[in-house]
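A short worksheet on the structure shown next.
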Amino acid sequence: MLLKIFQAGEPVLRQTARRLSREEILGSEIQGLIQLMQQTMYSAPGVGLAAPQIGENIQLAVIEDRSEYMLAIPKEELVKRERKPVPFHVIINPKITWQSEATASFFEGCLSTQGLIAYVPRSLEITVECLNERAEPVTIQARGWYARILQHEIQHLQGTLCVDHMLPRSLMTIENYMKYWKDKPIEDVLEELKIKHQSS
Ligand code: ZN
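For the sequence shown, this note's numbering assigns the number 3 to the initial residue and increments by one for each residue that follows.
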């Protein structure tokens, strides 16, 4: 069974999600929900899915970046994004406890703004403290694309969407990104879109 993915404009995507207790995490309801979210993320396909996106106002997200998603992306693009496979895992009640001043900026999308992408600066490196699906405390140190995914999913739990952080003028359909911009150097893209951006 797949869950419905809520689109921007649904109130739940703008609320601060509530934290889960240890008992709730270990209970059958949340354990079942984690499985459904995993299937839904895989089927979308996406590299992350936060509970508010399926209408549940709770601090839970699933993440997995599969090697098969990288097959169609040129190696130099993967290197630039520092994108590597990330095994399936669950983050619950996450908190970003440290983030680098250094940023990386790339186009990114969201299953809740279907068909659209935007250019979003994010911290290059972060540290996250959270619980896993067994309610055990976990510290995650991440950089590159994985750090981007974590920031994106954690912001969903705070009622924030990636378009809130995009550089204005960068929003576009994925179709037009593929048609006009995908193969251009990013400096040219920014110039043609008339985007002012200080890269660091
Ligand atoms: Zn999203």
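Backbone N, C-alpha and C fix where the C-beta goes; we use that ideal spot for every residue, glycine too.
Task: Min CB distance Ala46 to chain C below 7 Å - done: The structure shown contains no chain C, having only a single protein chain.
Open item on the list: Three or more C-beta pairs under 8 Å: does that hold for the segment 143-150 against the segment 81-93?
Closed with: The segment 143-150, when compared against the segment 81-93, does touch it at the 8 Å Cβ threshold.
Open item on the list: Suppose contacts are defined by Cβ-Cβ distances below 7 Å. Is Pro54 in contact with His167 by that definition?
Closed with: In terms of Cβ geometry, Pro54 and His167 do not form a close pair [threshold 7 Å].
Task: Chain-order list of residues whose beta-carbon lies under 7 Å from that of Leu163 (same chain, five-residue window excluded) - done: Non-local C-beta neighbours of Leu163 in its own chain, meaning closer than 7 Å and more than five positions away in sequence, comprise Ala10, Leu15, Cys112, Ser114 and Thr115, ordered along the chain.
Task: Three-state secondary structure (DSSP) of Val92 - done: Of the three classes helix, strand and coil, the one that applies to Val92 here is strand, per DSSP.
- [ ] Say yes only if the C-beta of Ser45 is nearer than 6 Å to one or more non-hydrogen atoms of ligand 1, and no if none qualify.
- [x] Not so, every heavy atom of ligand 1 lies at least 6 Å from the Cβ.
TODO: Please classify Leu22: is it buried, with 16 or more other beta-carbons within 10 angstroms of its beta-carbon, or exposed?
DONE: Buried, by the Cβ-count rule.
Task: Span separating the alpha-carbon of Ala19 from that of Gln160 - done: Roughly 6 Å between the two C-alpha positions.
Open item on the list: Among Pro187, Leu5 and Lys196, whose alpha-carbon lies nearest the alpha-carbon of Glu58?
Closed with: It is Leu5 whose Cα lies nearest to the Cα of Glu58.
TODO: Measure the C-alpha to C-alpha separation of Leu195 and Glu189 and round it to an integer number of angstroms.
DONE: Distance between the alpha carbons of Leu195 and Glu189 is about 10 Å.
Task: 3 or more residues per run - each beta strand (DSSP E) lying fully within the segment 84-169 - done: For the segment 84-169, whole beta strand (DSSP E) runs of length 3 or above, ordered along the chain, are 88-101, 105-111, 118-125, 127-133 and 139-145.
- [ ] In the DSSP assignment, find the alpha helix (DSSP H) that holds Gly57 and state where it starts and stops.
- [x] Where Gly57 is concerned, there is no enclosing alpha helix (DSSP H), because DSSP gives it neither an H nor an E.
Task: Within 7 Å, strictly: CB atoms of Arg42 and Leu118 - done: According to the sequence provided, residue 42 is Thr. The question's Arg does not apply to it. No, the Cβ-Cβ distance between Thr42 and Leu118 is not below 7 Å.
Task: Span of the alpha helix (DSSP H) around Val191 - done: Element bounds for Val191: Ile188 to Glu194.
TODO: From the DSSP output, in three-state form, read off Met39 for me.
DONE: Helix, per DSSP.
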